[in-house]
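Accompanying notes for the structure given below.
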Amino acid sequence: MKRKPILERVGDFMEGRGFYIVLSLCVAAIGISGYYLFSSLQPEGADAPVSVPTQVVVTVSPTMEAVKPPVTAAPVPPPAVTKPAPSPSAEPSAEPAPARTPAPSPSPAQAANFFVWPLRGQVVADWSLEVLAYDETMGDWRTHSGVDISAPVGTEVMAVADGTVASVEQDPLMGTTVTIAHADGLESVYANLAEVPAVEAGDGVKVGAVIGSTGTTAAAESARPPHLHLELRKNGESVDPLSILPEQS
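Residues in the sequence shown are numbered consecutively from -4, following this note's numbering.
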């Protein structure tokens, strides 16, 4: 009896019960593959323990208190130490301070710092006792024992220094005249004043005090513009007023 080829025999097998056998083997293979696939997804096998997060609970005892940091007070600076003043030495100084010598009294030439001008104006006639000067009023040559300071009639006249009014008189040639006595034998004479002066004999005056005003009472100098005739005397001797009065600024 002649055998069939292998391919024919396989085909006959598949047409019969062989189809079901192959189908069972495929199902088994799929099941085995699924098992191994599932096993591979489990960490370290199916029997590995499952990790659960651990929680720590701390119970605070009623007697426990929050620990507070110690409070440190700000440092207080130490009080300043004041050194006691050294006690004065009982020993005398090796070089004693020189004794003060009082300043000498000013001479007439130095008295400019203690005097003021009786008024502000231009000197129109100088003091002249050694050289004769022409007098327009009298029409002759004569000495002039004072200075004539130009000023409008009614200009206030001031005391050139502290002193006491020695006299108030009406001179026939020099008109209303006031004489004031000062320290160190010095006198000031104001002539050609208005008829009624502001002071009387015996009045004390301060430097710069108003004693009267300029006028036109001096007959011997009536040809000159309105002015004050001022004289200064030292121990009765006539001196140049410009040598004692300060320079006008």
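Backbone N, C-alpha and C define an ideal beta-carbon position, used for all residues, glycine too.
- Cβ contact annotation for Asp198 (same chain, cutoff 8 Å, sequence separation greater than five): Thr159 and Val160, in chain order.
- By alpha-carbon distance to Glu226, the top candidate from Ala24, Gly29, Tyr30 and Val118 is Val118.
- In chain order, Trp136 place their CB closer than 6 Å to the CB of Tyr129, counting only its own chain and leaving out the 5 sequence neighbours on each side.
- DSSP places Ala215 in the helix class (H, G or I) of the three-state scheme.
- Ala156 has its alpha-carbon roughly 15 Å from the corresponding atom of Glu242.
- Of the residues Met169, Glu164 and Pro192, the one whose Cα lies closest to the Cα of Met153 is Pro192.
- When secondary structure is reduced to three states using DSSP, Leu168 falls in the coil class, being assigned neither helix nor strand.
- Taking a cut-off of 8 Å for Cβ pairs, the stretch 165 to 178 and the stretch 111 to 127 do not touch, as fewer than three such pairs fall below it.
- Under the DSSP assignment, Leu127 falls in the beta strand (DSSP E) whose first and last residues are Ser123 to Asp130.
- Beta-bridge annotation (DSSP): Ala156 is not paired with any residue.
- With fewer than 16 other CB atoms across the displayed protein chains lying within 10 angstroms of its CB, Tyr30 is exposed.
- By the neighbour-count criterion, in which 16 or more other beta carbons inside 10 Å mark a residue as buried, Asn187 falls on the buried side.
- In the DSSP annotation of this structure, the continuous segment of the beta strand (DSSP E) that includes Asn187 starts and ends at Leu181 to Leu188.
- Taking the Cα positions, Ile144 is about 8 Å away from Arg115.
- Secondary structure within the stretch 194 to 238: not one fully enclosed alpha helix (DSSP H) run of 4 or more consecutive residues is present.
- Leu127 and Ser140 have their C-alpha atoms spaced approximately 11 Å apart.
- Taking 8 Å as the upper bound for CB-CB distance, Gly210 and Val148 are in contact here, some 6 Å apart.
- Thr174 is bridged by DSSP to Ser162 and Val184.
- With a cutoff of 7 Å on beta-carbon distance, Ala196 and Ser208 are scored as not near each other.
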